[in-house]
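For reference, the structure is listed below as structure tokens.
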Amino acid sequence: MKVGLWISTNIAAVDMKPVAREVEALGFDSLWVPDHPAFPRHFTSDYGGGRTFPEHNKQLLDPFVALATAAGATDSLLLGTGVLLVPERNPILTAKAVASLDQVSGGRFLFGIGAGWLREEGELLGVDWARRWTQTGDFMRAMQALWAPGTNAYEGRYISFPELYCDPKPVRVRRPPVIIGGEAARAVERVVDYGDGWLPRYVLSTPEQIEAGIRRLETLCRERGRDPAEIETSLFDCDGTRETYRRYGDVGVQRIVQLVPYGNREETLAHIRRLADAVL
Amino acid sequence: MRYGLALFMTAYSIDMKTLAQRAEALGYESLWAPDHPVIPVAFTTPYPWNESRTLPEYYKHIVDPFVALATAAGATQRLKLGTSVVLVPERNPILTAIEVATLDAVSGGRFLFGIGAGWLREEGDVFGVDWKRRWKQTRDFIMAMRACWEQDVSEYQGDYVTMPPLYAYPKPVQQPHPPILIAGELKGALARIAEYGDGWVPRANLVTPREIEETRQALERRFREAGRDPSRIDITLYGSRPRKADCQSWIDAGVDRIVIQLPVRDEAESLDRIARYAAELF
Numbered sequence: 003m004k005v006g007l008w009i010s011t012n013i014a015a016v017d018m019k020p021v022a023r024e025v026e027a028l029g030f031d032s033l034w035v036p037d038h039p040a041f042p043r044h045f046t047s048d049y050g051g052g053r054t055f056p057e058h059n060k061q062l063l064d065p066f067v068a069l070a071t072a073a074g075a076t077d078s079l080l081l082g083t084g085v086l087l088v089p090e091r092n093p094i095l096t097a098k099a100v101a102s103l104d105q106v107s108g109g110r111f112l113f114g115i116g117a118g119w120l121r122e123e124g125e126l127l128g129v130d131w132a133r134r135w136t137q138t139g140d141f142m143r144a145m146q147a148l149w150a151p152g153t154n155a156y157e158g159r160y161i162s163f164p165e166l167y168c169d170p171k172p173v174r175v176r177r178p179p180v181i182i183g184g185e186a187a188r189a190v191e192r193v194v195d196y197g198d199g200w201l202p203r204y205v206l207s208t209p210e211q212i213e214a215g216i217r218r219l220e221t222l223c224r225e226r227g228r229d230p231a232e233i234e235t236s237l238f239d240c241d242g243t244r245e246t247y248r249r250y251g252d253v254g255v256q257r258i259v260q261l262v263p264y265g266n267r268e269e270t271l272a273h274i275r276r277l278a279d280a281v282l
Numbered sequence: 042m043r044y045g046l047a048l049f050m051t052a053y054s055i056d057m058k059t060l061a062q063r064a065e066a067l068g069y070e071s072l073w074a075p076d077h078p079v080i081p082v083a084f085t086t087p088y089p090w091n092e093s094r095t096l097p098e099y100y101k102h103i104v105d106p107f108v109a110l111a112t113a114a115g116a117t118q119r120l121k122l123g124t125s126v127v128l129v130p131e132r133n134p135i136l137t138a139i140e141v142a143t144l145d146a147v148s149g150g151r152f153l154f155g156i157g158a159g160w161l162r163e164e165g166d167v168f169g170v171d172w173k174r175r176w177k178q179t180r181d182f183i184m185a186m187r188a189c190w191e192q193d194v195s196e197y198q199g200d201y202v203t204m205p206p207l208y209a210y211p212k213p214v215q216q217p218h219p220p221i222l223i224a225g226e227l228k229g230a231l232a233r234i235a236e237y238g239d240g241w242v243p244r245a246n247l248v249t250p251r252e253i254e255e256t257r258q259a260l261e262r263r264f265r266e267a268g269r270d271p272s273r274i275d276i277t278l279y280g281s282r283p284r285k286a287d288c289q290s291w292i293d294a295g296v297d298r299i300v301i302q303l304p305v306r307d308e309a310e311s312l313d314r315i316a317r318y319a320a321e322l323f
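If you read the protein sequences in the order shown, they are chains A and B. Going left to right, the first sequence walks through residues 3 to 282 as this note's numbering numbers them. Going left to right, the second sequence walks through residues 42 to 323 as this note's numbering numbers them.
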């Protein structure tokens with residue numbers, strides 16, 4: 003089982019350079035960071051599952067800058083967005099940032115994507131809220147056009163552009179792995195449509211549900227002519243016990259992205275070391 | 042004198058991390074990264090920065106400046122990191138404000154925010170820039186960014202941006218924000234610097250040492266009139282030849298920093314060049 007860490011990038015909790023170096027030195031395969039570019043003071047959107055959104059996650063670093071800093075401080079650690087809110091950003095600039103991060107890291111970027119849950123933030127940044135996954139699909143196809151060899155134009159519902167030079171291309175052939183969050187049947191379809199990985203959440207997924215999702219991924223891949231072996235399943239967070247790792251590993255989960263509990267900078271490094279002892 | 046290096050990082054040039062580490066070890070003060078997210082295949086705007094008016098190929102191939110400089114931040118301790126320059130009206134100002142503040146935070150206050158409004162109209166069109174009023178739009182975007190950097194709960198209303206109360210974090214390490222260094226021809230730049238900038242980034246092939254001296258005097262006067270501290274004025278000369286005699290003329294004219302643009306070359310040649318420049322200049 004590969005094990006990655008997801009960390010809140012509140013500046014009070016992380017100093018990116020030492021955190022990235024420690025995560026790499028301890029043997030984790032990847033470091034994941036969240037995205038909320040600007041948090042509206044007033045909102046009524048529901049975070050989901052009866053949970054309250056943590057205050058500290060209203061103040062996060064820009065994920066591309068944070069991961070590029072980690073790239074400069076490490077040699078082999080994979081670097082993931084967990085997840086980037088695709089419809090909130092101009093897809094041309096996102097395509098450029100993704101390819102650039104893949105370049106400066108020597109092909110270590112994992113492009114975790116989502117469409118967001120916070121309507122007020124989405125609307126502030128131009129998201130067509132009710133159709134945000136349609137917009138996300140459009141933006142992903144636009145990015146794929148910019149990552150393809152040569153010069154490319156694109157005409158979509160939410161974004162169009164004339165023939166453009168947009169280099170460098172990502173280091174990886176075709177694109178960095180696009181990893182899509184969500185538990186609904188649609189999430190799995192999106193993975194097969196324009197993704198390379200599935201990232202369901204532990205709190206919303208039993209091993210049986212994951213197994214059913216992976217079977218469905220395989221079926222959809224066969225229908226659409228993709229090789230199911232191209233698609234990797236990562237589980238977002240879990241209780242951090244070896245028994246849980248075994249149960250989810252048995253049904254086909256290949257990576258667990260373990261959430262680092264929130265604390266000050268010293269506590270964050272201690273949490274990371276404790277997690278290494280518990281799960282690696 | 043403080044010497045900086047500017048790199049157009051591409052897939053075929055030296056990489057940022059290697060260059061940044063060697064530049065810091067050699068005693069360079071700063072590293073600079075340019076910004077062109079895309080170049081349209083079809084354009085008629087003449088390239089303004091050389092006599093042949095032909096766009097160099099590598100302009101089409103450069104990495105994102107915030108990603109490039111953050112990589113350098115992760116690999117160095119002291120090197121200042123500057124944009125040369127970010128095309129402000131092409132980017133959402135809230136996202137730019139967060140990128141700037143994040144880069145300043147992760148680098149421990151080493152960021153220099155070089156800005157411009159762009160010269161390539163067809164590129165601006167891709168991002169919806171109001172071309173004829175692009176400096177007006179740039180000013181509005183900078184004011185929105187200042188609201189993000191300076192207010193606990195940020196709010197702004199301008200001609201181009203409407204920002205309801207929101208939490209924009211992190212805040213920059215440099216207070217109230219990293220130096221804003223404005224590129225562009227002198228006539229327009231003077232008023233902009235006096236109003237919302239901290240310095241000027243003239244191009245060596247488009248300015249004379251005498252104009253540098255006159256500009257500093259004019260800026261000092263305007264800063265005093267506006268109740269601002271003239272000792273904060275930063276004039277960064279961009280694109281000097283790496284020759285002692287050239288640099289001496291800029292030093293005599295009173296520039297604060299000289300940036301040398303590296304030709305786009307592979308790692309071995311680039312490292313050789315920056316060692317030779319250092320031997321000539323330092």
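No residue lacks a Cβ here, since even glycine has one placed at the ideal position from N, Cα and C. Bear in mind that the values here come from a model prediction, so they are computed numbers and not experimental data.
query: Cβ of B:Y208 within 8 angstroms of any chain A Cβ; result: yes
query: Interface positions of the segment 103-135 of chain B facing chain A (Cβ-Cβ less than 7 angstroms), listed along the chain; result: V104, D105, F107, V108, A109, A111, T112, A113, A114, G115, A116, R132, N133, I135
query: Secondary structure of A:G215, DSSP reduced to three states; result: helix
query: B:T143 at chain A interface by Cβ criterion, 8 angstroms; result: yes
query: Simplified DSSP state of B:N246, which is helix, strand or coil; result: helix
query: Coil, strand or helix - A:P56 by DSSP; result: coil
query: B:V300 - containing alpha helix (DSSP H), residue span; result: Taken as a continuous stretch (DSSP letters only), B:V300 belongs to no alpha helix (DSSP H), being part of the beta strand (DSSP E) at 298-302.
query: Cβ-based neighbour list, A:D104, same chain, cut-off 6 angstroms, excluding 5 preceding and 5 following; result: F111, P172, V173, P178
query: Which listed residue (A:N266, A:R267, A:S102, A:V262) has its alpha carbon closest to that of A:A278; result: A:V262
query: Closest Cα partner of A:N59 within the set B:V214, B:W291, B:P130, B:Y208; result: B:Y208
query: According to DSSP, residues forming a beta bridge with A:I115; result: A:L86, A:I182
query: Three or more C-beta pairs below 8 angstroms linking the segment 17-31 of chain A and the segment 178-198 of chain A; result: no
query: Reduced DSSP category for B:R43 - H, G, I as helix; E, B as strand; rest coil; result: strand
query: Neighbour list for B:P211 in chain A, Cβ cutoff strictly below 7 angstroms; result: I13, Q61, L63
query: 7 angstroms Cβ shell around A:R249 - same chain, five flanking residues per side excluded; result: P209
query: A:L33 - partner residues in DSSP beta bridges; result: A:L7, A:L81
query: Contact set for A:L166: own chain, Cβ-Cβ below 8 angstroms, skip 5 residues either direction; result: I94, L148, T153, N154, A155
query: Neighbouring residues, chain A, relative to B:M186 (Cβ below 9 angstroms); result: Per Cβ cutoff of 9 angstroms: no residues; B:M186 is ~12 angstroms from chain A at best.
query: B:T117, buried or exposed, once every other Cβ within 10 Å from all chains shown has been counted against 16; result: buried
query: Stretch-stretch touch, CB-based, cutoff 8 angstroms, three pairs: the segment 100-119 of chain B with the segment 48-56 of chain B; result: yes
query: For A:K19, the first and last residue of its enclosing alpha helix (DSSP H); result: 18-28
query: Residues near B:Q302 in its chain [Cβ-Cβ closer than 6 angstroms; skip 5 each side]; result: A47, G280
query: Residues, ordered as in the chain, of the segment 164-190 of chain A that lie near chain D by beta-carbon distance below 9 angstroms; result: The chain inventory of the structure shown lacks chain D, comprising the protein chains A and B.
query: Extent of the continuous alpha helix (DSSP H) to which B:Y208 belongs; result: That residue, B:Y208, is in no alpha helix (DSSP H); its beta strand (DSSP E) goes 203-208.
query: Per-residue burial, B:L278 [other beta carbons within 10 Å of its own, 16 or more giving buried]; result: buried
query: Within chain A, partners of B:D326 - CB distance below 7 angstroms; result: Residue 326 of chain B lies beyond the residue range present for chain B, which begins at 42 and ends at 323; the question has no answer from this structure.
query: A:G183 versus A:P202 - alpha carbon distance; result: 6 angstroms
query: Chain B within 8 angstroms of A:S102, Cβ atoms only; result: yes
query: Interface partners of B:T51 on chain A, CB under 9 angstroms; result: Q105, D169, P170
query: Proximity below 8 angstroms, CB of B:P213 to CB of B:A146; result: yes
query: Buried or exposed by the 16-neighbour rule on C-beta atoms within 10 Å, applied to A:R159; result: exposed
query: The alpha helix (DSSP H) enclosing B:W291, as first and last residue numbers; result: 285-294
query: Under 7 angstroms (Cβ pairs) to chain A, residues found in the segment 70-82 of chain B; result: P78, V79, I80, P81, V82
query: Identity of the residues DSSP links to A:Y250 by a beta bridge; result: For A:Y250, which the question treats as bridged, DSSP gives no partner whatsoever.
query: For A:E185 and A:F66, the rounded distance between their alpha carbons; result: 25 angstroms
query: B:T117: first and last residue of the uninterrupted alpha helix (DSSP H) it sits in; result: Where B:T117 is concerned, there is no enclosing alpha helix (DSSP H), given that its DSSP letter is neither H nor E.
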